[in-house]
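Residues 0 to 309 (numbering that gives the first Met the number 0) are what the sequence shown spells out, left to right.
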Amino acid sequence: MEALAILALALAWDWLLGEPPSLLHPTVWMGWAIALWERPGPRRGRALPFLWGLGGTLATVALFALGAHFLLTYLRGAAIPLYVIVAAYLLKGSFSLRALRQAGRRVERALRGGDLGRAREELRALVGRDTAALGPPLLVSAAVESLAENTTDSFVAPLAFFLILGVPGAVAYRAINTLDASVGYRGQYEYLGKAAARLDDAANYLPARLAALLLVAAAYLTRLDAPGAWRTMRRDQGRTASPNGGWTMAAAAGALGVRLEKAGHYRLGEERLPLEARAIGQAVRLVQTAALAWFGLCFVILGVRYVLAA
């Protein structure tokens, strides 16, 4: 019952209040911790940056996962209501639906209003790539791709870890994902962030495929092209450099009947419909439906556990 209460409170928190203030957000704390070892980290060579990054990655995940574990263990013995509230707060910090939905809608509104500058600026909340030279079709594509990929990162994966390992598991996942976003990319972090990138790939391996299946189901529920989502997911999921990202992006491309493209990197789906602002709104509805379906499944799983344990 405690797990059900924690999940319900965390979901209500996200739906009604959204993200905590930056100074109180667990993800921001993780960013500060990462910066402590990333800034003085070596950049030259391969072995030393890799070992430094490996140590920093493991230390960061352990710090937050074990910190959550010991804090919640203490609170559970001291005061159950306070334990539930703090656990829900930490769980909410590991996932985000409202903020993702709002970010997508802001890009859509800017494009509908013909304000490309604002659309490019708003898109930065969703993607890490340079948006300055993107025209309307590629702006739409980037927004849809990010919304789809965040189906895994923003709620399916953290809640999967919550189901298996409790709140500390969700916190550990968010630390892994934050590490990947901070240092897990090519360039100056090629070897410093390699451990973080590979750990993120491993953590998302099963959740990404589950998220893609949820998007196919959501396409059916929202009267989009579910057969197209299934077909495109199976055909195009391997076209991205990431072993996980292509699953959800391809499923979304098939559901919307569009071709998603990152110039010079990949093309997913078929150009049956033009890439217009309406596709972002459809993607928001698709992702939100998948999220709600996943939340429902999580409640069912926790409820069955409670009945079996009674």
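Glycine included, C-beta positions come from ideal geometry on N, C-alpha and C.
Contact under 8 Å by Cβ, residue i with residue j
{"i": "Leu274", "j": "Pro136", "result": "yes"}
{"i": "Thr130", "j": "Ala207", "result": "no"}
{"i": "Leu158", "j": "Trp293", "result": "yes"}
{"i": "Ile175", "j": "Leu209", "result": "no"}
{"i": "Ser153", "j": "Leu65", "result": "no"}
{"i": "Ala141", "j": "Val126", "result": "yes"}
{"i": "Arg42", "j": "Gly92", "result": "no"}
{"i": "Thr231", "j": "Ala250", "result": "yes"}
{"i": "Phe298", "j": "Leu3", "result": "yes"}
{"i": "Ala384", "j": "Glu121", "result": "What is shown of the chain runs 0 to 309, which leaves residue 384 out entirely."}
Range covered by the beta strand (DSSP E) that runs through residue i
{"i": "Arg266", "result": "265–267"}
{"i": "Gly191", "result": "Inspection of the sequence shows that residue 191 is occupied by Leu rather than by Gly. Where Leu191 is concerned, there is no enclosing beta strand (DSSP E), given that its DSSP letter is neither H nor E."}
Neighbour-count burial assignment, residue i, 16 or more Cβ in a 10 Å radius
{"i": "Leu16", "result": "exposed"}
{"i": "Gly54", "result": "exposed"}
{"i": "Thr177", "result": "buried"}
{"i": "Asp114", "result": "exposed"}
{"i": "Gly52", "result": "buried"}
{"i": "Ala308", "result": "exposed"}
{"i": "Pro25", "result": "buried"}
{"i": "Ala132", "result": "exposed"}
{"i": "Thr312", "result": "The requested residue 312 is not part of the displayed model; the chain covers only 0 to 309."}
{"i": "Trp246", "result": "buried"}
{"i": "Val257", "result": "buried"}
{"i": "Pro226", "result": "exposed"}
{"i": "Pro48", "result": "buried"}
Unbroken alpha helix (DSSP H) run spanning residue i, endpoints
{"i": "Leu259", "result": "Leu259 -> not in any alpha helix (DSSP H); beta strand (DSSP E) instead, spanning 259–261."}
{"i": "Met0", "result": "Premise fails: Met0 is in no alpha helix (DSSP H) and is neither H nor E."}
{"i": "Arg277", "result": "276–308"}
{"i": "Tyr88", "result": "79–91"}
{"i": "Ala132", "result": "Segment: none, Ala132 is in no alpha helix (DSSP H) and carries neither H nor E."}
{"i": "Phe161", "result": "156–182"}
{"i": "Thr231", "result": "225–235"}
{"i": "Gly105", "result": "For clarity, residue 105 is Arg in the given sequence; the question names Gly instead. Where Arg105 is concerned, the enclosing alpha helix (DSSP H) stretches over 97–111."}
Backbone secondary structure at residue i - three-state DSSP
{"i": "Ala240", "result": "coil"}
{"i": "Ala124", "result": "coil"}
{"i": "Asp199", "result": "helix"}
{"i": "Pro48", "result": "helix"}
{"i": "Thr221", "result": "coil"}
{"i": "Phe94", "result": "coil"}
Proximity test, residue i beta-carbon vs the ligand MN heavy atom, cut-off 7 Å
{"i": "Leu35", "result": "Only the bare structure without any ligand can be found here, which leaves the ligand MN out of the picture."}
Given 8 Å, three or more beta-carbon pairs between the segment 285–301 and the segment 146–153
yes
Tell me whether the segment 7–25 and the segment 75–95 touch, counting them as touching only if at least three CB pairs, one residue from each stretch, are closer than 8 Å.
yes
Taking contact to mean at least 3 C-beta pairs separated by less than 8 Å, is the segment 26–36 in contact with the segment 59–79?
yes
Can we say the segment 97–116 touches the segment 157–171, given the rule of at least three CB pairs closer than 8 Å?
no
Report yes or no: do three or more beta-carbon pairs, one from the segment 188–200 and one from the segment 210–221, lie closer than 8 Å?
no
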